[in-house]
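If you read the protein sequences in the order shown, they are chains Z and G.
Residue 179 in this note's numbering sits at position 179 of the first sequence, and the numbers go up by one each step.
Residue 106 in this note's numbering sits at position 106 of the second sequence, and the numbers go up by one each step.
Even glycine gets a Cβ: it sits at the ideal position worked out from N, Cα and C.
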Amino acid sequence: MLQILNFKDSVNFLRHAVPISIMSMILVLASLVSLGTKGINWGLDFTGGTSVVLNFSKPADLNSLRDILAEGPTESAVVQNFGSSRDVVVRLQTEAGAKSDDQVKLVMIAAQKQDADVVQKSVEFVGPQVGQELAEQGGMAVFVALLCILIYVAFRFEWRLSMGAVAALAHDVIVTLGLFSVLQLEFDLTVLAGVLTVVGYSLNDTIVVYDRIRENFLKMRKADPREVINASITQTMSRTVITTGTTLITVVALFLKGGTMIHGFATALLMGIVVGTYSSIYVASYLALRLGVNREHMMPVQIEKEGADQPSIMP
Amino acid sequence: MLNKYPMWKNLMVIVFLAIGTFYALPNLFGEDNAVQVVGTRGATVTETTQRQVTDLLAAKGIQVKRSELENGQLLVRVTSSEDQLLAKEAIAQTLGDGFSVALNLAPAVPQWLENVGGAPMKLGLDLRGGVHFLMEVDMSEAIRKMEEAKIADFRSQLREERIRYSGVKVTPKGIEIAFRDAESVAQAEAFLKTRSNNEMVFADASEGENYKLLATMSEPYLKQIKEDALTQNITTIRNRVNELGVAEPVVQRQGAERIIVELPGVQDTARAKEILGATASIEFHMVDQKTDLQNALAGRLPATSEIFKRREGGEVILQKEVMLTGDHITGAQPSFDQYSRPQVSINLDAKGGTIFSNVTKDNIGKPMATLYIEYKDSGLRNPDGTVKMTKVEEVISVATIQARLGRNFVITGLTHAESQNLALLLRAGALIAPVSIVEERTIGPSLGAENIENGLQAMIWGMAVVLLFMMIYYRAFGFIANLALSFNLIMVVGVMSMIPGAVLTLPGIAGMVLTVGMAVDGNVLIYERIREELRAGRSIQQAIHEGYANAFSTIADANITTFITALILFAVGTGAIKGFAVTLMIGILTSMFTAIVGTRSVVNALWGGKRLKKLSI
């Protein structure tokens, strides 16, 4: 039997709780500071504007393209490579009085000066108002998701655990956003989807540990809460490592092979999965312990446990 | 006996997997080059059309694979893309104006599979190329139009009731009706209220000697106007999209004042925009002959008249009252008169015909003007970020009514290009309020193919490594988990193909890839549990049983919470994000089924109820 991290006795994971929680807090603070000062590099989806992706028949000379564009009424243009040396993205602000069609035309004319065979791969134009609404909706979505989860976990488990879960989720979301802020990676709609997926994934991890904590409180009659939590984490550790591993494998495959359009999504997930894995232990479980979770809190749930023993349609 | 599934459970697993696999099948067949024929206004595709088309193609020597007539839409499959182009041209030429002929890629699903509802997954624009527009309806214009209509109503109603008023005008607060005394105000208020169907709210707004009645639109009525404007515009835009000849277009409302338009495979976006967004319409007004133009230009103009520019230069005074609007037009064809000047022949509906006939009967010998109205994107923006539209009004012709006109007549005074465009726009109906494009995404077809390729690559690599790992780590049980994982993927594809509204997008593919990574979680939880039970000294059958039983609530809790986030994503997301949420939700459900019920079935069949010394886990 091949085994990863399978311990005979329970490991005292919570021994490291204080330094790791402090590290987590520093991470969250740093993220918040970065978000406050540097902000997020909002993508086109949120700010509005025009972006044109061009495909050149030979590696493109970005500098000369910038120079040509700067001469026209498109001086605010941002020119970058997009995945390969032959793909170039040109981003334009929505300027008062300028029509997106005309802007795109100017970009094409400029590009054709450099390479007659240039192909327009995609054009995106988003009005500023639409972007604004999206940002509000996106923020709302994350908030509603957290709230629903808070309620569900409180209902299924216990409010102390619920607080821990939501704190862990908020932690993961903030740190993921922080990474995007520090590195000034572009934050577009797919990244938002990534962040919400992180919420789902991270919660998955937390729930698995919680489930075991609840079970162990009922089983280990003489143990104190700290021992119960340590035992639960130990027992679920190999599962956590394997699932995180397989998920990371697929996300890395997305990151490497999925193409530029879902790079941001994969980046958010990579960060979120790493952070989400340890936060289920050092934020979610530790916070529940600090809030004083103990055996009595778990008693009412026993009713549901009894139900689970009965024959059901599921195995 | 432990770990024996009753027959019905095993059957259920087999049936589910079979259905999933069956409906995933159509995705393997690829696509045929096809030409799609749809009847636009006035014309419908019938079996006669079908015969006409097949005969035509046979005469041209183009081989037809299959031709299908369904929902008033004819789909002719040909063997190559060259044939497709030739066929399209030939068909468009022969059938003429009443039909829209478009190139299409039709799924090459065999007939028998199609008959039971088998169809491949629908691809989003990001995977097949095309253009996506988000359009916003200018509601203030719709309301303004309604206010103008109300002014005319008030005037005629007050006249009818012989209540004397001194003026009616639109102010920022509402419609203001001025009177000479307080008595008339009260009289008018009482009378108009009974006539308004709760559409308007009236208030005495007299200030000292200024006796005024203020009429504002009630909340439900405002809502109704906006709702009507949106649905009317959607219908119009749908008609216009059909005129463009695009295969499988999407026209959908989004929220209270926006419309989504998706045109797969469209490359000429400039033309598409021109046709979709143009708010050209015509109105017929009588010329005000009583007022002198010089006096009017100096500012002495009756409230019922207005000065308009003529296209060829100069001004003309028209009565504000509209005799007939473009809404009643059912047909419009560009043509030339006997002097080869461009003209548009117009057909009216029955109601329009009656109105027009009455108007022309009463006004023989008097001049009538055709007013051409167009809203153009001014390039400027309102403070709230919406596009400012400018209204351009021009009198394109003034003609003396020679005789009583019926439902058919012609408009002259246009250039050739304008007559073509006006005819197309009138045919497709007028937009009740101008629209502006607030979002546009164009994806080239090569980029779409590239996106699919990238997604598949990621899927293959991710899946290969995960399968290999599971096999090595859990051996026989790992193999079973891998079976479950593969079936899970097939079932996601099957369910996606079955649900009519589900669309596969690039983030959707990402969602599938992610499902591969996360779906093993269910089996990992179960297997780890079994190992634990074995270590705790349980018998092998007991361990399997306990492993499945204990892991179940964990798996359920973990998946329900993920499902909640996916649901929220689905609710707030648009386009591609919705696509991601859909695959994620389906993936959660199918992976729970395959990981728990499916693997259990296999495990039971292989080892259930037997005496085992060792378990390959």
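- The stretch 328–336 of chain G and the stretch 345–364 of chain G touch, with no fewer than 3 CB-CB distances between them shorter than 8 Å.
- The C-alpha of Gln50 (chain G) is placed about 8 Å away from the C-alpha of Ser67 (chain G).
- At a cut-off of 8 Å, the C-beta of Ala223 (chain Z) has no neighbouring C-beta in chain G.
- Counting only runs of 4 or more residues that sit fully inside the stretch 426–499 of chain G, the alpha helix (DSSP H) segments are 445–498, in chain order.
- DSSP places Val38 (chain G) in the uninterrupted beta strand (DSSP E) bounded by 31–39.
- When the Cα atoms are used, Leu25 (chain G) and Pro120 (chain G) turn out to be separated by approximately 8 Å.
- DSSP, read as helix, strand or coil, puts Asp87 (chain Z) in strand.
- Closer than 8 Å to the CB of Met298 (chain Z) there is not a single CB belonging to chain G.
- For the stretch 138–163 of chain Z, the beta-carbon criterion of a distance under 8 Å to any beta-carbon of chain G is satisfied by Gly138, Met140, Ala141, Val144, Ala145, Cys148, Ile149, Tyr152, Val153, Arg156.
- Taking C-alpha positions only, Pro367 (chain G) is separated from Gln402 (chain G) by approximately 9 Å.
- Against chain G, a Cβ distance below 8 Å from Ile207 (chain Z) picks out Thr554, Asp557, Ala558, Thr561.
- Contact between the stretch 256–265 of chain Z and the stretch 439–456 of chain G is present, with at least three C-beta pairs closer than 8 Å.
- Those residues of the stretch 517–532 of chain G placed with their C-beta closer than 8 Å to a C-beta in chain Z are Gly517, Met518, Val520, Asp521, Val524, Leu525, Glu528, Arg531, Glu532, ordered along the chain.
- Distance from Val130 (chain Z) to Glu439 (chain G) at the Cβ level is roughly 5 Å; contact confirmed, criterion being Cβ atoms closer than 8 Å.
- Using beta-carbon distances, Ala502 (chain G) does not count as an interface residue toward chain Z, since no partner is under 8 Å.
- One finds Gly517, Met518, Val520, Asp521, Val524, Leu525 in chain G with Cβ atoms closer than 9 Å to the Cβ of Thr243 (chain Z), taken in chain order.
- For Asp557 (chain G), the secondary structure class from DSSP, reduced to helix, strand or coil, is helix.
- Selection Z:Gly164, Z:Tyr201, Z:Arg212, Z:His297 evaluated against Arg290 (chain Z) yields Z:Gly164 as nearest (Cα-Cα).
- Nearest to Asn3 (chain G) by alpha-carbon distance, out of G:Leu615, G:Asn604, G:Thr415, is G:Asn604.
- DSSP places Met163 (chain Z) in no beta strand (DSSP E) but in the uninterrupted alpha helix (DSSP H) bounded by 159–182.
- Under the DSSP assignment, Glu89 (chain G) falls in the alpha helix (DSSP H) whose first and last residues are 81–95.
- In this chain, Gln50 (chain G) is not harboured by any beta strand (DSSP E); it is covered by the alpha helix (DSSP H) spanning 47–60.
- By the neighbour-count criterion, in which a residue is buried when 16 or more other Cβ atoms sit within 10 angstroms of its Cβ, Gly30 (chain G) is exposed.
- With contacts defined as CB atoms closer than 8 Å, Thr565 (chain G) and Gly127 (chain Z) fail to qualify as a contacting pair.
- In this structure, the CA atom of Leu222 (chain G) is about 41 Å from the CA atom of Ser497 (chain G).
- One finds Glu450, Asn451, Glu453, Asn454, Gly455, Gln457, Ala458, Leu506 in chain G with Cβ atoms closer than 9 Å to the Cβ of Gly259 (chain Z), taken in chain order.
- DSSP places Glu274 (chain G) in the uninterrupted alpha helix (DSSP H) bounded by 269–277.
- For Arg441 (chain G), the neighbours in chain Z by C-beta distance under 9 Å run, in chain order, Ser122, Val123, Glu124, Phe125, Val126.
- Contact fails between the stretch 296–312 of chain G and the stretch 132–142 of chain G, because fewer than three Cβ pairs, one in each stretch, are under 8 Å apart.
- Burial check for Gly406 (chain G): the Cβ neighbour count within 10 Å stays below 16, so the residue is exposed.
- Contact with chain G is absent for Gly43 (chain Z), since none of that chain's Cβ atoms lies less than 8 Å from the residue's Cβ.
- Contact between Ser64 (chain Z) and Gln114 (chain Z) holds, since their C-beta atoms are separated by about 6 Å, short of 8 Å.
- Taking C-beta atoms as the reference points, Gly265 (chain G) and Gly130 (chain G) count as a pair closer than 8 Å.
- Taking a Cβ-Cβ threshold of 9 Å, the residues of chain G close to Val119 (chain Z) are Gly444, Ser446, in chain order.
- Nearest C-alpha to Phe7 (chain Z) among G:Thr562, G:Arg531, G:His545, G:Ser436: G:Arg531.
- Counting only the Cα atoms, Leu567 (chain G) lies some 41 Å from Ser81 (chain G).
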